[in-house]
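Everything on this sheet refers to the single structure shown next.
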Amino acid sequence: MGTFILKMISNNKGQIRTIEAFLAISVMFSVLVLTAPMSSTPDFEKQGTLKKLGTNVLIELDNNGTLGRLIEGGNWTILKQSMDLLLPTGVFYNLTVYDENLQRVNTQEVSNTNQQGLEAVVIQYLCVTQSSDTRFYTIQLQLAWPQ
Amino acid sequence: MIVLVLSAIVSTTNTLRPLMNELPHRNDAERFQQLAQQLLLNEGAPPNWGSLRDVVPESLGLANAASSLPYQLDIDKVSRLNSQNIYSLSYSQLWQSLGVSDVSFRIEIKTLFNLSTTLISTTRRVNETTYQFDAYAEKSGTPVLARLHGYVVVRDYVSSFASSTSSNGHSSISVTIPNSVNGTAILLTFAKAESNPQIVAFNVYTFSHNSSEPLPNRTFTRLNPLNYVLNVTFTYPSEEVLKALVFTYNYNFSLNEKSRSAQTAEYDIPRLLDASPTLLVITGLNASSSFAEWVSYPQLPLEIGADFDQSDNGAKTISFSHIMTINSALYEIVTKWGRSS
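Spelled out as structure tokens, the structure:
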């Protein structure tokens, strides 16, 4: 009888240890699950700055109809040269123009980088041409700082 | 168990530390971004404080009150940031007008690319002298394709030239000045980017023509443009003005004298519809020596505010780059922000 009771106590100790281990693992697991999204915080400061800068540049380029004229004339080289001058040195950009049917319009790259995997911000801008047959273009400007 | 819980706490702390450190800076970044927007997109109070030479704004804003478009700066508000203008505001006055006591700031305004000119050669003939210059347009070392238009001024002699930069950013400029005039000569060059006529840079090169080496700009006069009036303060009472001129990329005119006293003179500046900085030139005589001095309107380039490079309090500085329009021409404005120590 005595031996049986001792065995039972010993078995319970084993169960408690098992429960303890499970609890510990669940604590560790929850910590990892909860903190994983926070550990890779995007650089909000740089992203916010780039978004405002990109919008600023597109508005300035569009304020006298220059942007619409360049798109309608297919002057992609001129558009690229303008972007090179308007954006601060060191900012990577990639500009794509879409028409009303969301078909890509620019036949040449309007970009100063071919780097992949950069953490870029995307600015969408609606450009309305000032010509007699008013056309709408959606401009997608991606901006990134070098890593 | 205890070991596991402790290791969980340690790993949580380590993981969250960068985020916790970043939070105050993120708040700063957002706050500074809003302050930059307030500075550049609001006109301040009173709305026309820039043109009121004795007024210190109650609230600081550089936007043009007369424009309905965003990102348009007032030419006079910008000129009053330049310490060379006698109507300029000090950083202390600007800081008080901004009204945020725990923030320091700096404002830098310049053209979107640089233009430089170098005298290459001088060829003297009997009746005239030809000067050969090299002009170079670049942005951060990258050549800029640009159309050049410029002027040379000696006393009351004015002539113009046109050129354009090649793919390496360089251009050769040749100006010929008759030997019947002599004195300090000024070469004013405007460069308009081929890709966008609103992007304009300028350069002023002073040299001697059949005379002694020119003295530095602002030796004989202080030129203070404000509210489309050029105020000229003479250093010496014996000075005589030969010409007062205004230049933009496309136009040049003589300025009309508005008033004159022994120490000062005022000239009306015409409102030219040209996407270009305006250059104002005064030529004159002081005793037997001639002078030629200049100022740009808006008065650029300028830098005003806290010197963050010298601050050693370890505070984080955040800078924002903006593209703004002043009188139809585009400029780069950099604002830098940090917490006051």
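Top to bottom, those sequences are chains A and B.
In this text, residue positions in the first sequence follow our numbering: the first is 1, and each later residue adds one.
In this text, residue positions in the second sequence follow our numbering: the first is 1001, and each later residue adds one.
Beta carbons: idealized from backbone N, C-alpha and C, even for Gly.
Chain A contact residues for residue i, given Cβ-Cβ distances below 9 Å
i               : result
V1144 (chain B) : Q81, D84, L85
Q1033 (chain B) : E45, G48, T49, K52
Under 9 Å from the C-beta of residue i: neighbouring residues of chain B
i             : result
L53 (chain A) : F1320, S1321, H1322, I1323
T89 (chain A) : K1139, S1140, G1141, T1142
I78 (chain A) : E1194, S1195, N1196
N94 (chain A) : What N94 (chain A) touches in chain B: nothing, since even the nearest Cβ is about 18 Å away.
Buried versus exposed call for residue i [16 or more other C-beta atoms within 10 Å across all chains shown]
i               : result
S1160 (chain B) : exposed
N1027 (chain B) : exposed
F22 (chain A)   : exposed
K1258 (chain B) : exposed
S40 (chain A)   : Residue placement at S40 (chain A) is flagged as unreliable, the pLDDT there being 46, under the threshold of 50; a coordinate-derived value is accordingly withheld.
L1330 (chain B) : buried
V122 (chain A)  : exposed
N1179 (chain B) : exposed
P1216 (chain B) : exposed
Y93 (chain A)   : buried
N114 (chain A)  : exposed
S82 (chain A)   : buried
V1126 (chain B) : exposed
P146 (chain A)  : exposed
I1326 (chain B) : buried
G54 (chain A)   : buried
G1338 (chain B) : buried
N101 (chain A)  : exposed
D1102 (chain B) : exposed
N1256 (chain B) : exposed
P1237 (chain B) : exposed
Y1251 (chain B) : exposed
D62 (chain A)   : buried
Expected contact under 8 Å - CB spacing of residue i and residue j to nearest Å
i               : j               : result
A1036 (chain B) : T1335 (chain B) : 5 Å
S1079 (chain B) : P1225 (chain B) : 6 Å
M1324 (chain B) : L1073 (chain B) : 5 Å
E1266 (chain B) : N1231 (chain B) : 6 Å
F1234 (chain B) : E1293 (chain B) : Incorrect: roughly 11 Å between the Cβ atoms, too far for contact.
Residue range of the unbroken beta strand (DSSP E) whose run includes residue i
i               : result
T1117 (chain B) : 1114-1124
G68 (chain A)   : That residue, G68 (chain A), is in no beta strand (DSSP E); its alpha helix (DSSP H) goes 66-72.
D1134 (chain B) : 1128-1139
I1186 (chain B) : 1183-1193
D1076 (chain B) : Unbroken run through D1076 (chain B) is the alpha helix (DSSP H), 1075-1079; no beta strand (DSSP E).
E1266 (chain B) : 1264-1268
E109 (chain A)  : Premise fails: E109 (chain A) is in no beta strand (DSSP E) and is neither H nor E.
F1220 (chain B) : Element bounds for F1220 (chain B): n/a, residue is neither H nor E.
G1305 (chain B) : 1302-1305
Q140 (chain A)  : 136-144
E1240 (chain B) : 1240-1247
Residue i versus the options, residue with shortest Cα-Cα distance
i               : options                            : result
E1194 (chain B) : B:Y1205, B:N1182, B:G1169, B:L1187 : B:G1169
R1260 (chain B) : B:E1239, B:E1030, B:S1167, B:S1164 : B:E1239
E1332 (chain B) : B:Q1096, B:A1191, B:I1107          : B:I1107
C127 (chain A)  : A:L67, A:I16, A:E119, A:I25        : A:L67
N106 (chain A)  : A:L141, A:G117, A:W145             : A:L141
T1118 (chain B) : B:F1320, B:V1175, B:N1196, B:Q1198 : B:V1175
D133 (chain A)  : A:R69, A:D84, A:T96                : A:R69
A1135 (chain B) : B:L1285, B:S1167, B:E1128, B:A1265 : B:S1167
T138 (chain A)  : A:S131, A:D84, A:Q124              : A:Q124
D99 (chain A)   : A:G74, A:G90, A:T55                : A:G74
A1185 (chain B) : B:Q1198, B:K1192, B:T1206, B:L1041 : B:T1206
K1192 (chain B) : B:S1340, B:H1149, B:L1230, B:N1227 : B:H1149
F1291 (chain B) : B:I1109, B:A1065, B:Y1131, B:K1243 : B:K1243
P1046 (chain B) : B:A1029, B:S1097, B:P1277          : B:S1097
L1188 (chain B) : B:S1067, B:L1279, B:I1086, B:E1213 : B:L1279
S1296 (chain B) : B:D1076, B:R1124, B:V1056          : B:D1076
D1307 (chain B) : B:S1092, B:E1030, B:I1086          : B:S1092
Q1299 (chain B) : B:W1049, B:V1055, B:Y1087          : B:Y1087
E1058 (chain B) : B:S1104, B:Q1033, B:E1030, B:L1089 : B:L1089
W76 (chain A)   : A:E109, A:L86, A:T89               : A:E109
First through last residue of the alpha helix (DSSP H) which encompasses residue i
i               : result
I1107 (chain B) : Where I1107 (chain B) is concerned, there is no enclosing alpha helix (DSSP H), although the beta strand (DSSP E) it sits in stretches over 1103-1111.
K1316 (chain B) : Premise fails: K1316 (chain B) is in no alpha helix (DSSP H) and is neither H nor E.
S1097 (chain B) : 1091-1098
S82 (chain A)   : 76-86
Under 7 Å from the C-beta of residue i: neighbouring residues of chain B
i              : result
T173 (chain A) : Nothing can be reported for residue 173 (chain A): it is not among the residues displayed for chain A, which extend from 1 to 147.
T66 (chain A)  : N1196
N106 (chain A) : In chain order: nothing, as chain B lies at least about 15 Å away.
N101 (chain A) : The contacting residues do not exist; N101 (chain A) stays about 28 Å from chain B at best.
Cross-chain neighbours of residue i in chain A, by beta carbon under 8 Å
i               : result
L1330 (chain B) : E60, L86
F1113 (chain B) : L85
I1199 (chain B) : S82, L85, L86
Chain A residues whose Cβ lies nearer than 7 Å to that of residue i
i               : result
P1277 (chain B) : Correct list: empty, because the minimum Cβ distance to chain A is about 16 Å.
Y1071 (chain B) : N56, I59, E60
S1097 (chain B) : The contacting residues do not exist; S1097 (chain B) stays about 23 Å from chain A at best.
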